[in-house]
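Heads up: the protein sequence lines correspond to chains L and X, in order. Each residue of the first sequence is one higher than the last, beginning at 1 in our numbering. Each residue of the second sequence is one higher than the last, beginning at 198 in our numbering. Glycine is no exception: its CB is placed at the ideal position from the N, C-alpha and C atoms.
Number of protein chains: 2
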Amino acid sequence: MVTTRDRIIVATNELFRRYGYNGTSLSQISEAAEATTGSIYHFFPGGKEALGVAVIDTTGAVYRELFESIAAEHPDPVDAFENFFDSAADVLEESDFVDPCPIGTIAREVANTSEPLRRAAERAFSSWIASAENYLINSDIDPDAADDLATMFVATVEGGFVLSRTLRCTDPLRAIALHVVAAVSAAPRTTHATLAE
Amino acid sequence: MVTTRDRIIVATNELFRRYGYNGTSLSQISEAAEATTGSIYHFFPGGKEALGVAVIDTTGAVYRELFESIAAEHPDPVDAFENFFDSAADVLEESDFVDPCPIGTIAREVANTSEPLRRAAERAFSSWIASAENYLINSDIDPDAADDLATMFVATVEGGFVLSRTLRCTDPLRAIALHVVAAVSAAPRTTHATLAE
DNA sequence: GTCTATAATTTGATAGAC
DNA sequence: GTCTATCAAATTATAGAC
Chain L
1 MVTTRDRIIV
11 ATNELFRRYG
21 YNGTSLSQIS
31 EAAEATTGSI
41 YHFFPGGKEA
51 LGVAVIDTTG
61 AVYRELFESI
71 AAEHPDPVDA
81 FENFFDSAAD
91 VLEESDFVDP
101 CPIGTIAREV
111 ANTSEPLRRA
121 AERAFSSWIA
131 SAENYLINSD
141 IDPDAADDLA
151 TMFVATVEGG
161 FVLSRTLRCT
171 DPLRAIALHV
181 VAAVSAAPRT
191 THATLAE
Chain X
198 MVTTRDRIIV
208 ATNELFRRYG
218 YNGTSLSQIS
228 EAAEATTGSI
238 YHFFPGGKEA
248 LGVAVIDTTG
258 AVYRELFESI
268 AAEHPDPVDA
278 FENFFDSAAD
288 VLEESDFVDP
298 CPIGTIAREV
308 ANTSEPLRRA
318 AERAFSSWIA
328 SAENYLINSD
338 IDPDAADDLA
348 TMFVATVEGG
358 FVLSRTLRCT
368 DPLRAIALHV
378 VAAVSAAPRT
388 THATLAE
């Protein structure tokens with residue numbers, strides 16, 4: 001069942017992807033969500049800022065789960081990261097280069113003006129890094145290397161989105177994918193004790 | 198001689214770094230630049246958008262020149278990239294995590310609403326990639342590898358800024374630097390014909 | 001080139017009926 | 001929970017004197 005609250009969050013997410021946080025007005029949200037400002041303030045008494053936090057938390061979890069579902073289908077991390085970047089490039093192109101995710105944009109807009117929003121973005125980024133790190137360790141990448149690798153992965157996703165979206169071309173995203181994959185390939189593996197020892 | 202036009206551009210750049218494009222008002226700019234709105238419109242008849250384009254073009258050139266001056270001092274690309282990321286991390290920390298550069302933020306805010314601003318950001322990114330590629334080729338990196346490497350460099354800078362600024366910690370930037378440096382080290386070199394042949 | 005004054009619109013947010 | 005009406009403040013931009 002789609003509640004009014006859900007409709008507001010989904011519509012706001014779509015608007016933030018296109019216009020960012022400061023570029024989206026409550027009247028736009030009201031219209032797109034088919035909910036009056038009274039309704040918006042009923043569900044989000046904290047106003048636009050509280051709504052923004054809810055959008056970031058929701059979208060952050062969706063993207064973490066997307067990564068984890070791709071990871072679950074690809075035991076080899078090289079395959080998983082290749083697949084993730086390929087999918088991201090396809091989605092970007094099909095959407096006519098609308099940002100796939102509003103979190104990075106909002107993070108940059110409000111990092112110096114809203115602690116609640118900044119901390120929501122921090123939660124999202126940290127959860128992605130932790131998820132990627134966990135997957136890498138379970139795929140026998142050395143734990144000491146996994147953290148840096150996961151951090152670099154999230155950074156390149158963010159950087160790739162900005163470049164590809166601004167240049168309106170998926171080449172940057174695909175060039176970056178090659179290097180992330182190379183870094184994963186080159187990473188030291190966990191050495192397991194064998195039965196023969 | 199510092200002209201009024203210069204003052205407006207510098208002040209706007211500082212405000213955009215902190216609050217983004219949509220988060221900065223003309224009244225803030227007027228106050229920070231010590232110039233009335235009449236003056237702002239005198240120098241930028243196209244209003245806020247035209248001023249934004251001027252800011253992006255100016256800052257884009259400044260950062261390209263910064264990279265080129267670091268490159269000129271370090272013949273070995275590994276040293277150059279290491280130095281660049283180290284400096285960036287230091288600057289970010291010293292400024293209490295204010296964005297060092299407004300271009301990526303503006304690019305994400307307006308990519309779907311202002312073609313003049315989007316194209317200005319595209320010019321800046323492309324000039325950085327071209328500059329890094331040119332330097333890599335002159336440092337005997339294989340030209341086929343140099344383009345992808347330069348693209349990845351710019352993407353990781355952008356991604357590293359978002360992560361480190363949002364997490365208020367330079368670790369991401371430093372983790373990323375390690376991987377960029379590793380990618381440069383692993384890149385194929387140009388094989389030169391020698392006199393002995 | 002710089003100034004003040006102001007137009008026209010939109011912003012985020014609230015009050016109170018139903 | 002949803003609605004309409006409305007507030008005060010801020011927004012970009014312009015006009016015209018100096």
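First and last residue of the uninterrupted alpha helix (DSSP H) at residue i
i: D79 (chain L); result: P77 to E94
i: H179 (chain L); result: D171 to A186
i: M349 (chain X); result: P340 to L364
i: S227 (chain X); result: L223 to A230
i: T105 (chain L); result: I103 to V110
Cross-chain neighbours of residue i in chain X, by beta carbon under 7 Å
i: V162 (chain L); result: G301, A304, R305 and E355
i: F43 (chain L); result: What F43 (chain L) touches in chain X: nothing, since even the nearest Cβ is about 24 Å away.
As assigned by DSSP and simplified to three states, the class of residue i
i: R386 (chain X); result: strand
i: Y218 (chain X); result: coil
i: G243 (chain X); result: coil
i: S324 (chain X); result: helix
i: V207 (chain X); result: helix
i: S69 (chain L); result: helix
i: V98 (chain L); result: coil
i: S139 (chain L); result: coil
i: T58 (chain L); result: helix
i: S39 (chain L); result: helix
i: V433 (chain X); result: No answer is possible for residue 433 (chain X): it lies beyond the span of chain X, which begins at 198 and ends at 394.
Listed by chain order, chain L residues near residue i by CB distance under 7 Å
i: P369 (chain X); result: T151 and A155
i: F281 (chain X); result: Those do not exist, as F281 (chain X) stays about 15 Å from chain L at its closest Cβ, beyond 7 Å.
i: L248 (chain X); result: Near L248 (chain X) there are no residues of chain L at all, since even the closest Cβ is about 17 Å away, more than 7 Å.
i: I237 (chain X); result: Simply none; closest approach about 20 Å.
i: A372 (chain X); result: D148, T151 and M152
i: F322 (chain X); result: L163, T166 and L167
Interface residues of chain L facing residue i [CB-CB closer than 9 Å]
i: R261 (chain X); result: Those within 9 Å of R261 (chain X) in chain L number zero; the least Cβ separation is about 15 Å.
i: E319 (chain X); result: T166, L167 and R168
i: T233 (chain X); result: Under the 9 Å cutoff, chain L gives no residues; its nearest Cβ is about 24 Å from T233 (chain X).
Cross-chain neighbours of residue i in chain X, by beta carbon under 8 Å
i: R275 (chain L); result: Outside the displayed range of chain L (1 to 197) lies residue 275 (chain L), so it cannot be described from this structure.
i: T58 (chain L); result: Those do not exist, as T58 (chain L) stays about 18 Å from chain X at its closest Cβ, beyond 8 Å.
i: A183 (chain L); result: H376, A379 and A380
Residue i: CB within 6 Å of a non-hydrogen atom of the ligand ATP
i: P75 (chain L); result: As presented, the structure is devoid of all ligands, the ligand ATP included, so that no description of it is given.
Could you name the residues of the stretch 334-353 of chain X whose beta carbon sits closer than 7 Å to any beta carbon of chain L, in the order they occur along the chain? D345, T348, M349, V351, A352 and T353
Could you list the residues in the stretch 285-308 of chain X with a C-beta less than 8 Å from some C-beta on chain L, going in chain order? Within the stretch 285-308 of chain X, the qualifying residues are F294, V295, D296, G301, T302, A304, R305, E306, V307 and A308.
So, do the stretch 2-12 of chain L and the stretch 39-49 of chain L have three or more beta carbon pairs nearer to each other than 8 Å? Touching, yes, given that three or more Cβ pairs across the two stretches are closer than 8 Å.
Pairs of beta-carbons, one from the stretch 176-184 of chain L and one from the stretch 331-344 of chain X, closer than 8 Å: are there three or more? no
Closer than 8 Å is the cut-off here; do at least three beta carbon pairs connect the stretch 379-391 of chain X with the stretch 207-214 of chain X? no
Members of the stretch 198-230 of chain X that neighbour chain L once the beta carbon cut-off is set at 7 Å: Residues of the stretch 198-230 of chain X whose Cβ lies closer than 7 Å to any Cβ of chain L, in chain order: R215, Y216, G217, N219 and G220.
Would you call the stretch 277-288 of chain X and the stretch 241-257 of chain X in contact, with 3 or more CB pairs under 8 Å? no
Assess contact between the stretch 341-354 of chain X and the stretch 139-150 of chain L, defined as three or more Cβ pairs (one per stretch) separated by less than 8 Å. Is contact present? no
Check whether the stretch 353-364 of chain X touches the stretch 281-291 of chain X, counting contact only when three or more Cβ pairs, one atom from each stretch, lie closer than 8 Å. yes
Please confirm if the stretch 283-302 of chain X is in contact with the stretch 226-234 of chain X, defined as three or more CB-CB distances below 8 Å between the two stretches. no
Three or more C-beta pairs closer than 8 Å, one from the stretch 259-276 of chain X and one from the stretch 114-128 of chain L: is that the case here? no
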